[in-house]
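Numbering (this note's numbering), first residue to last: 40 to 161. Quick reminder that beta carbons are idealized off the backbone N, C-alpha and C, glycines included. Being a predicted model, the structure only gives us computed values, none of them experimental. These notes concern the structure reproduced below.
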């Protein structure tokens, strides 16, 4: 679960490496973001010569959290780190690759384009 002011790794090749969340979308007082939620973040560290620069304001989709994800079959999925993928206003990814494992819950939430670019599905 992520909250405002969380420092998060970016799991794609958009140019941003580390972002800081400052707003979680989906309600006026939504406090925590989990896998599949959208947040607004500021880029803290970026790669040179890429379209996304430091200090840019971006929309991002949460794809991994350290907090466990409970599944309907009784299983639990947990990741070592928190990670997001940079998306545009339509919900499409701005990158061409997504690094690391992605949970099935991303496809269930309707982000099939992010799901199809994943290296590994958990």
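Could you check whether residue j and residue i sit closer than 8 Å to each other, using their CB atoms as the reference points?
i: residue 97; j: residue 76; result: no
i: residue 101; j: residue 72; result: yes
i: residue 58; j: residue 82; result: yes
i: residue 104; j: residue 156; result: no
i: residue 125; j: residue 134; result: yes
Between the C-alpha atoms of residue i and residue j, what's the straight-line distance to the nearest angstrom?
i: residue 112; j: residue 87; result: 44 Å
i: residue 84; j: residue 130; result: 22 Å
i: residue 91; j: residue 53; result: 7 Å
i: residue 61; j: residue 152; result: 25 Å
i: residue 42; j: residue 109; result: 19 Å
i: residue 159; j: residue 140; result: 5 Å
i: residue 56; j: residue 144; result: 23 Å
i: residue 47; j: residue 69; result: 18 Å
i: residue 93; j: residue 49; result: 13 Å
i: residue 148; j: residue 44; result: 24 Å
i: residue 154; j: residue 127; result: 15 Å
i: residue 66; j: residue 79; result: 13 Å
i: residue 107; j: residue 99; result: 20 Å
Just grab the DSSP bridge partners of residue i for me.
i: residue 48; result: 57, 122
i: residue 145; result: Answer is none; residue 145 lacks a bridge partner.
i: residue 159; result: 140
i: residue 41; result: 72
Assuming residue i contacts residue j (C-beta within less than 8 Å), just tell me the rounded distance between them.
i: residue 142; j: residue 161; result: 5 Å
i: residue 51; j: residue 117; result: Their Cβ separation, rounded to whole angstroms, is 21 Å, which puts residue 51 and residue 117 out of contact at 8 Å.
Inside the stretch 67 to 133 only - beta strand (DSSP E) runs reaching at least 3 residues:
77 to 85, 96 to 103, 122 to 126
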